[in-house]
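Worksheet for the structure shown next.
Number of protein chains: 2
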Amino acid sequence: MSIKRVLLVGGTHGNELMGVYLIKKFERCPELVHRSSFETLTVVGNPRAVEECVRYIDQDLNRSFDLERWQPEGSNNSYENQRAREIRAKFGQDGQLPIDLIIDLHSTTSNVGLMLILDNIDTFTLRLAAHLTSRHPTLRVYSSAGSNRNSDSLRSIAKYKIAIEIGSIAHGTINSKLFQENEAIVQTILDYLEGYNSNAVELEESSLTVYQYVGVIDYPKDDKGEIQAMIHPQLQFEDYKLLNPGKPIFLTFEGEAIAYSGTLAVNPVFIGEAAYMEKGIAMVLTEEKKLRLSPD
Amino acid sequence: MSIKRVLLVGGTHGNELMGVYLIKKFERCPELVHRSSFETLTVVGNPRAVEECVRYIDQDLNRSFDLERWQPEGSNNSYENQRAREIRAKFGQDGQLPIDLIIDLHSTTSNVGLMLILDNIDTFTLRLAAHLTSRHPTLRVYSSAGSNRNSDSLRSIAKYKIAIEIGSIAHGTINSKLFQENEAIVQTILDYLEGYNSNAVELEESSLTVYQYVGVIDYPKDDKGEIQAMIHPQLQFEDYKLLNPGKPIFLTFEGEAIAYSGTLAVNPVFIGEAAYMEKGIAMVLTEEKKLRLSPD
Chain A
5 MSIKRVLLVG GTHGNELMGV YLIKKFERCP ELVHRSSFET LTVVGNPRAV
55 EECVRYIDQD LNRSFDLERW QPEGSNNSYE NQRAREIRAK FGQDGQLPID
105 LIIDLHSTTS NVGLMLILDN IDTFTLRLAA HLTSRHPTLR VYSSAGSNRN
155 SDSLRSIAKY KIAIEIGSIA HGTINSKLFQ ENEAIVQTIL DYLEGYNSNA
205 VELEESSLTV YQYVGVIDYP KDDKGEIQAM IHPQLQFEDY KLLNPGKPIF
255 LTFEGEAIAY SGTLAVNPVF IGEAAYMEKG IAMVLTEEKK LRLSPD
Chain B
5 MSIKRVLLVG GTHGNELMGV YLIKKFERCP ELVHRSSFET LTVVGNPRAV
55 EECVRYIDQD LNRSFDLERW QPEGSNNSYE NQRAREIRAK FGQDGQLPID
105 LIIDLHSTTS NVGLMLILDN IDTFTLRLAA HLTSRHPTLR VYSSAGSNRN
155 SDSLRSIAKY KIAIEIGSIA HGTINSKLFQ ENEAIVQTIL DYLEGYNSNA
205 VELEESSLTV YQYVGVIDYP KDDKGEIQAM IHPQLQFEDY KLLNPGKPIF
255 LTFEGEAIAY SGTLAVNPVF IGEAAYMEKG IAMVLTEEKK LRLSPD
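Residue numbers (our numbering), protein chains in the order written: chain A, 5 to 300; chain B, 5 to 300.
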């Protein structure tokens, strides 16, 4: 197996500007992402949302690729459904330019630092992730398996798929230090793929720490659906850290702490992410796991 | 002179949720802002924008109160113009409930910490500011005089007016620690006014440090109006700190530093604020000044 075509995506969410400006840079200077053994393409996922600097126009583009709920043309003509059809027709496995690997660039208001999102735990993806963490030691790996990302996200149309998630960054802003780190990770991926295609990569690590999705915690709400509490100061910006049962996770507007009522210690991520408030999600829970990497 | 009516405003910008949730709290528990010598009213400035969690629907409400450009009813029926007319008819000096002091609650993605914005440098306002900084030592005072805030902002309709600006906070999020500090400042203001009305306040400070507006710096742009650079890492989140001529302020996407070309040392604030990107503004420049407070 070799990688023949890679798609770099920014602006799947229109107000996540880091990815948008990185894609614009690569489109100005395509030699930066050119490699000899595969083709690198770029696309801005949701250009109208980028123009208006909002997450989406009618519905979340990154929840619009579900084949099972796939609407026949005309039945749901939201902007994002149309855009999803265009993107699938161009880059899907039955499209004009089927993609082997999508790298989708995101940012978040939560304090996840440099995060790699894996939707599939296959050997190719795990080895790529292990290589990246060896080159970028602050990079953490989150596995979304079980959270539906594999069936409705933009990147789900590719054979292999990863997202790079960077935070904390306010939506609608760019952070120059994180922009450069984001770009460096993309370069490391492209270099790895070049080596992979010529069988020149070696397994440098025997295991990989992965934060595995296990569920979400919603904000407490009143009868009218109004949220009643904020993220507790002790939890704010503490993404990945171990949260034990009984520890405070929310603070009501009246100043009362609400404890984590689960029975398992977990590692929350995406704590207080702005875009999840409309869904009522306060944080995503993960379990820290060590995965063995299979030798050649 | 006594203060008879105070208006607390949140959600003048719909995605600045701290103020919105503080106003909601005060509307649930009006006894928190009740004082014996004056009436305290509350209002959500831009409820439709709050509902959609965006800064505004058609135009910035906080730039819609300009009397000189005031449009006769019907000539500009943007949502915010209608809303500005409603608010003025209710709370303006010729309205049903003319307001002596507006306290407008804002938040920003820039790292201004706890900031008090003064549009007027009159004795009443300066003494209030000095009292607040004595009680909240991390509070900094910004004077917007000369920046048009006094003629087109929502708070411009009141006799006296201040804004509380808190950051860094991503739009669409709440920070519980800053929420509590925000509330504490509002309480200190209301207590001060109660004392003021009974002549029980004394001048505790003889001078006040003020960051005085002197201008703005725009992002560098190309021929098509696209921004070409980000805030330099050395300047990011360094609001208020002295910026000397020749120091880097921008980093192009290609990695080149751009220096501050002014001739005066300045103290930038609102560095990289998300909402200013659409106007092309990268930061607001101020000069740090010590103002003498006049004795009784």
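Yeah, the Cβ is synthetic: ideal placement off N, Cα and C, and Gly gets one too. If you're wondering where the values come from, they're calculated on a predicted model, not measured in any experiment.
Item                                                                                                                                                                                : Value
In this structure, how does DSSP classify Val145 of chain B when only helix, strand and coil are distinguished?                                                                     : strand
Between Ser82 of chain B and chain A, is there a C-beta pair that is closer than 9 Å?                                                                                               : no
Against chain A, with Cβ distances strictly below 9 Å, would Ser180 of chain B count as a contact?                                                                                  : yes
Please report whether the beta-carbon of Gly14 of chain B lies at a distance below 9 Å from any beta-carbon of chain A.                                                             : no
Going by DSSP, name the residue or residues bridged to Gly171 of chain B.                                                                                                           : B:Gly117
Going along the chain, which unbroken runs of the alpha helix (DSSP H) with 4 or more residues stay wholly within the stretch 29-107 of chain B?                                    : 51-56, 83-95
Is the stretch 269-288 of chain B touching the stretch 114-133 of chain B, taking contact as three or more C-beta pairs under 8 Å?                                                  : yes
Do Gln63 of chain B and Asn85 of chain B come within 9 Å of each other at the CB atom, strictly closer than that value?                                                             : yes
Could you spell out the range, first to last residue, of the beta strand (DSSP E) harbouring Glu260 of chain B?                                                                     : From DSSP, Glu260 of chain B is part of no beta strand (DSSP E); its letter is neither H nor E.
Tell me whether Lys8 of chain B sits in a helix, a strand or coil according to DSSP, three-state version.                                                                           : coil
Tell me, which residues are paired with Asp204 of chain A by DSSP?                                                                                                                  : Note that residue 204 of chain A corresponds to Ala in the displayed sequence, not to Asp. According to DSSP, which records beta bridges pairwise, Ala204 of chain A is partnered with nothing at all.
Between Leu143 of chain A and Leu105 of chain A, how many whole angstroms is the CB-CB distance? I'm expecting something under 8 Å.                                                 : So it is not a contact: roughly 17 Å between Cβ atoms.
Between Gly250 of chain B and the rest of its own chain, which residues show a CB-CB distance below 6 Å, the 5 nearest in sequence each way excluded?                               : Ala263
For the structure I just gave you, are there three or more beta carbon pairs, one from the stretch 171-183 of chain B and one from the stretch 192-203 of chain B, closer than 8 Å? : no
Have a look at B:Ile221, B:Thr256, B:Asp243, B:Glu169 and flag the residue whose alpha-carbon is nearest the alpha-carbon of Met281 of chain B.                                     : B:Ile221
Quick check: is any heavy atom of the ligand SAM less than 8 Å from the C-beta of Asp126 of chain B?                                                                                : This structure simply doesn't include the ligand SAM, nor any ligand for that matter.
Is it right to say Gln100 of chain A is buried, meaning 16 or more other beta carbons lie within 10 angstroms of its own, or is it exposed?                                         : exposed
Got a sec, what are the start and stop residues for the alpha helix (DSSP H) Asp156 of chain B sits in?                                                                             : 153-156
If you compare alpha carbons, which of B:Arg92, B:Glu20, B:Ala88 is closest to Cys57 of chain B?                                                                                    : B:Glu20
Which of helix, strand or coil does DSSP assign to Gln184 of chain A?                                                                                                               : helix
What residues in the stretch 231-248 of chain B have a beta carbon less than 7 Å from any beta carbon of chain A?                                                                   : Met234, Ile235, His236, Pro237, Gln240
Out of B:Pro141, B:Thr46, B:Asp156, B:Gly96, point me to the one whose CA is closest to Leu109 of chain B's CA.                                                                     : B:Thr46
Of the residues B:Asp70, B:Glu260, B:Lys29, B:Gly266, which one's Cα is nearest the Cα of Asn248 of chain B?                                                                        : B:Gly266
Quick check on the burial criterion: 16 or more other C-beta atoms within 10 angstroms. Buried or exposed for Lys29 of chain B?                                                     : buried
Which runs of the beta strand (DSSP E), 3 residues or longer, sit entirely within the stretch 223-293 of chain A?                                                                   : 233-235, 252-256, 261-263, 271-273
Can you tell me whether DSSP reads Ser298 of chain A as helix, strand or coil?                                                                                                      : coil
Which residue's Cα is closest to the Cα of Ser157 of chain A: A:Asn66, A:Pro252, A:Val48, A:Met5?                                                                                   : A:Asn66
In this structure, does DSSP put His135 of chain A in helix, strand or coil?                                                                                                        : helix
Got a sec: is the Cβ-Cβ distance from His110 of chain B to anything in chain A below 9 Å?                                                                                           : no
Are the C-beta atoms of Glu258 of chain A and some chain B residue less than 9 Å apart?                                                                                             : yes
Residues in the stretch 110-126 of chain B with C-beta within 7 Å of chain A's C-beta atoms, listed in sequence order?                                                              : Thr113
Using a Cβ-Cβ distance under 9 Å, would Gln191 of chain B count as near chain A?                                                                                                    : no
Would you mind telling me which residues of chain B sit closer than 8 Å to Lys29 of chain A, beta carbon to beta carbon, in chain order?                                            : Phe257, Glu258
Considering only the alpha carbon of each residue, which of B:Ile91, B:Val54, B:Ile166, B:Thr137 lies closest to Gly18 of chain B?                                                  : B:Val54
How would you list, in chain order, the residues of chain B whose beta-carbon sits under 7 Å from the beta-carbon of Met287 of chain A?                                             : Going along chain B, no residue has its Cβ under 7 Å from Met287 of chain A, so there is no contact; the nearest lies around 13 Å.
Scan the stretch 45-73 of chain A for residues whose Cβ lies nearer than 8 Å to a Cβ of chain B and list them as they occur along the chain.                                        : Cys57, Val58
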